[in-house]
Each structure stands twice: as structure tokens, then as C-alpha cells.
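Structure first, commentary second.
In the numbering used here, the protein residues as written are -12 to 110.
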């Protein structure tokens, strides 16, 4: 008997969920109707004959070319300079951090007339 009551409750729950799903679906369909469809008509397109094609005159024959001249110096790359002790010891300048123009927290140097800068204790 208990199993039959559990089956009835389960079937009632499924039925209520299906009913809620149907109500939600119908509500959405009513609130958001489908987009209007574009209906195309058969309209004859006016035909324009393309303008007559004119052929270009044939290109003039090219004069014969001479083969390029090759220099021996172009075939072999120039040797790179070898590294010496002088080029390896490059002196870098000492790093000096910038000193702030003022110890103010403001980005602009001057306040508008009539205003005075105040700071919390310790800053």
C-alpha cells in the first residue's frame, strides 16, 4: 500500500512538472511571437546589355635582355670583424634614480587658489 502511494505521488509530481512546462512554453510563445517572414515576389529584373568590350592592342615585343653580370665579390660575403677585448669591456653609466620634484602626493604641483594640502599623520 505504501509503494502505491509513493507511485501516486511520483506520477502527480511528473504531471505537475509537465503542466508547468506546457504553461511556460505557451506563455513564451504568446509573449514573443515569431519574427515576420519576408515574402519575395517574382519581379522581372530590367536587363541592360553590357557595354561592348574593346580589346587592347597587342603588347609591343620586349627588346632582348643581356644576362646579369656577376662580380666575384658578390659571391663571397665580407668577413665580419672579430671581437676584441676593447669591444667587450663597455662601460655603462652608473644608475641614478630620479629624485621627486616634491614630496607631495598630488600629481600637479600647485593647488587652486584658496586650497591647502592636508595629510594624515605619518605621511
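We put the CB at the ideal spot given by N, CA and C, even for glycine.
Boundaries of the alpha helix (DSSP H) harbouring residue 0: -11 to 18, taken from the DSSP string. In the structure shown, the three-state DSSP call for residue 62 is helix. Residue -9 and residue 17 have their C-alpha atoms some 39 Å from each other. C-alpha of residue 50 to C-alpha of residue 59: approximately 28 Å in a straight line.
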